[in-house]
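Heads up: the structure comes next, in structure tokens.
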Amino acid sequence: MDLTVQLKGLTLKNPLIVTAGEHGRDGETIAKVAGFGPGAITTKTIAGMAVPDPRPCYATMRGGFMNCVMGAVIGADQWFSREIAIAKNGGVPVIANLAGTNPAEAADLARRAEEAGADIIELPTHCPHFAENLEAQFPGLQLPPPEIYDPEPLYQTVKAVRQAVSLPIIVKLSAIYHHATLDWVKAGIDAGMDAVEVADTLGPVMAINIETGQPKMGGPRGFGAISGGALKPLTLRMVFEIAQAYDIPVIGSGGIESWRDAVEYFMAGASMIGACTAGHLRGPAAYRSIVDGLAKYLESHHTTLAEIKGLTLRRVEERKTKGWQEITQPIPPTVIVEKCTACKLCQPACIYEAIKVEETAVIDPVKCYGCNLCVDICPQRAIESPYYK
Ligand SMILES: Cc1cc2nc3c(=O)[nH]c(=O)nc-3n(C[C@H](O)[C@H](O)[C@H](O)COP(=O)(O)O)c2cc1C
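Numbering (the working numbering), first residue to last: 3 to 391.
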């Protein structure tokens, strides 16, 4: 199964990128994780100055993960004199994720990353807890938090980096830009980016230990950022919106835990996918299982990445042509009695009291609201949706 993808003349053996996180913390780790099959690996954010992480810095939450780590704890000098060269021993392209405090510094870091042998430059846009934690470590620094309304600083940064390097440039949008995704993407395109990654974590967020009353994250107020499954519906929509509007490669990232999530991102229009939290929670073998599962899915469905890419964009077009944009009439679903095990999960989940389970689930067509929750909730897939066939 051919899973190769191209990015501005660079071939990746498959579309899975390990996005910036602890598996990109140094050259040795990157070279090791390369053995778990991803198409490319990203460094943690490289900045001029190395900054330690607040502790504690990780927690799980329903459907997701929370962190308050900073960028790489190794500074730019070491990355460019040593770590990138070691990372390249892994034999997969290395994406140097870097952040300057202004466009000129970002351009300088990018130029040094190119000289050090990085294959791709990535520019992150916003880290929800960074400014507050940095201020706590360096009181009086008063670094302004990154702009979240005006894409102009992004435009200026990408333009400066574009002039400094010939490597492909990925702009990594934060999920915080979800309200104006297309404006930020346009700024990146106008300035010369080659691909957009959507998205970085969302925040600031918090979680509290109810025994101590303490925030679960370290730092002044215990703020952090969400990643993992909870992020996916938002980032998937952002990918869809970009693919609908622009002809630019989109890297879908946010809650990719299995090949199923990956397939959704391709269908929404992604050209590549990224995973971070899955590797944090399950180890680097998670990357291989996503790639292998994707290959198996494509084989068993006799299809290719190119064919599934943007399928949902085409399906949404179909809604227009078939007069399906708003179906407001309830249509009751069908219970496949041979599959129903009478487990009763659907009965309390039907807030319209339309389902009664005796030997099998029975749906009252008069009370049924047509919401489809029972279809979704049934573990046996014994209730069939009547919509959008
Ligand atoms: C522990 C952790 C550290 C991260 N560090 C960085 C980072 O240094 N730079 C960056 O651009 N994104 C960073 N991210 C964001 C991830 O690369 C990724 O974009 C985001 O978590 C969404 O994908 P996921 O749900 O697969 O984790 C980090 C995420 C986590 C969970």
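Ideal placement from N, C-alpha and C gives every residue a C-beta, glycine not left out.
**Q.** Within 8 Å, strictly: CB atoms of Glu85 and Gly37
**A.** Contact: no.
Q. Taking the continuous beta strand (DSSP E) assigned at Tyr60, which residues delimit it?
A. Unbroken beta strand (DSSP E) run through Tyr60: Tyr60 to Met63.
Q. In the segment 268-356, which residue ranges form an unbroken alpha helix (DSSP H) of at least 4 residues, counting only runs that do not cross its ends?
A. If one requires a minimum length of 4 residues, the alpha helix (DSSP H) runs lying completely within the segment 268-356 are 279-284, 287-302, 307-310, 313-323 and 348-351, in chain order.
Q. Which ranges would you report for the beta strand (DSSP E) in the segment 189-264 if only whole runs of at least 3 residues count?
A. Under the rule that a run must span 3 or more residues, the beta strand (DSSP E) segments found entirely inside the segment 189-264 read 197-202, 204-207, 226-229 and 252-255.
Q: Have a look at Gly224 and Asp4 and give me their C-alpha separation to the nearest angstrom.
A: So the two alpha carbons sit approximately 45 Å from each other.
Q. Quick one: complete beta strand (DSSP E) runs, 3+ long, within the segment 59-114?
A. 60-63, 66-69 and 96-99, all fully within the segment 59-114.
Q.
Any heavy atom of ligand 1 inside 7 Å of the beta-carbon of Cys278?
A. Yes, since a heavy atom of ligand 1 falls inside the 7 Å radius drawn around the Cβ of Cys278.
Q.
Could you tell me the alpha carbon to alpha carbon distance between Val173 and Cys70, rounded to whole angstroms?
A. Just so you know, the alpha carbons of Val173 and Cys70 end up roughly 21 Å apart.
Q) Is the beta carbon of Glu355 within less than 7 Å of some heavy atom of ligand 1? A) With a threshold of 7 Å, the Cβ atom of Glu355 does not count as near ligand 1, since no heavy atom of the ligand is closer than that.
Q) Alpha carbon to alpha carbon, what distance is there between Ala108 and Ile329? A) If you draw a straight line from the Cα of Ile329 to the Cα of Ala108, it is about 49 Å long.
Q: Kindly examine ligand 1 and report whether one of its heavy atoms sits closer than 7 Å to the Cβ of Ala22.
A: Yes, ligand 1 has a heavy atom inside 7 Å of this Cβ.
Q: Report yes or no: do the segment 210-220 and the segment 252-268 share at least 3 C-beta pairs separated by less than 8 Å?
A: They do not touch, by the three-pair rule.
Q: Note the first and the last residue of the continuous alpha helix (DSSP H) segment covering Pro40.
A: It is not in any alpha helix (DSSP H) - Pro40 carries neither H nor E in the DSSP assignment.
Q. Since Ile19 and Thr45 are thought to touch, with beta carbons under 8 Å apart, how far apart are those beta carbons, to the nearest angstrom?
A. That pair is no contact at about 12 Å.
Q.
Short of 6 Å in beta carbon distance, which residues of its chain neighbour Ala118, apart from the five on each side in sequence? Order them along the chain.
A. Result list for Ala118: Phe82 and Ile86, in chain order.
Q) In three-state terms, what does DSSP make of Ile172? A) Ile172 falls in the strand class under three-state DSSP.
Q. How about the segment 57-77 and the segment 228-239: do they share at least three Cβ pairs that are nearer than 8 Å?
A. Judged by Cβ distances under 8 Å, the segment 57-77 makes contact with the segment 228-239, as three or more pairs qualify.
Q) Taking the alpha-carbon positions, what's the Glu355 to Gln382 distance? A) Glu355 and Gln382 have their C-alpha atoms roughly 21 Å apart.
Q: From the DSSP output, read off the bridge partner residues of Glu24.
A: According to the DSSP secondary-structure assignment, Glu24 is paired through a beta bridge with no residue.
Q) In the structure shown, what three-state DSSP assignment does Glu137 receive? A) Assignment of Glu137 by DSSP, reduced to helix, strand and coil, places it in the helix class.
Q) Can you tell me whether His25 is buried or exposed, with buried defined as 16 or more other CB within 10 angstroms of its CB? A) With 16 or more other CB atoms across the displayed protein chains lying within 10 angstroms of its CB, His25 is buried.
Q.
Going by the DSSP bridge assignment, what does Glu1 pair with across the sheet?
A. Nothing about residue 1 can be reported from this structure: the residues present for the chain run from 3 to 391 only.
Q.
Could you tell me the alpha carbon to alpha carbon distance between Val187 and Ile178, rounded to whole angstroms?
A. Straight-line Cα distance between these residues: approximately 13 Å.
Q. What do you reckon, is the C-beta of Ile258 under 7 Å from a heavy atom of ligand 1?
A. Yes; taking the cut-off as 7 Å, the Cβ of Ile258 has a heavy atom of ligand 1 nearer than that.
Q: With a threshold of 16 other CB atoms inside 10 Å of the CB of Lys2, please say whether the residue is buried or exposed.
A: Residue numbering for the chain in the displayed model covers 3 to 391; residue 2 lies beyond these limits and cannot be assessed.
Q: Take Arg114 and list the residues in its own chain whose beta-carbon comes closer than 8 Å to its own, dropping the five residues that flank it on each side.
A: Here the set comprises Ala78 and Phe82.
(Q) Using the Cβ count rule (16 or more neighbours within 10 Å means buried), how would you classify Tyr157? (A) So Tyr157 counts as buried.
Q: Give a single yes or no on whether Lys46 has its beta carbon closer than 7 Å to a heavy atom of ligand 1.
A: Yes.
Q. Hey, out of Thr127, Ser168 and Arg164, whose CA is closest to Ile150's CA?
A. The shortest Cα separation from Ile150 among Thr127, Ser168 and Arg164 belongs to Thr127.
Q. Of the choices Asp110, Glu340 and Cys345, whose alpha-carbon is the least far from that of Ala166?
A. Scanning Asp110, Glu340 and Cys345 for the CA closest to the CA of Ala166 turns up Asp110.
Q | Segment limits, alpha helix (DSSP H) that includes Ile48 | A | For Ile48, there is no enclosing alpha helix (DSSP H), as DSSP gives it neither H nor E.
**Q.** Inter-residue Cα distance where the pair is Gly221 and Thr203
**A.** Using only the alpha carbons, I get a separation of about 18 Å.
Q: Give the secondary structure of Thr6 by DSSP, where H, G and I count as helix, E and B as strand, and everything else as coil.
A: It is coil, neither helix nor strand.
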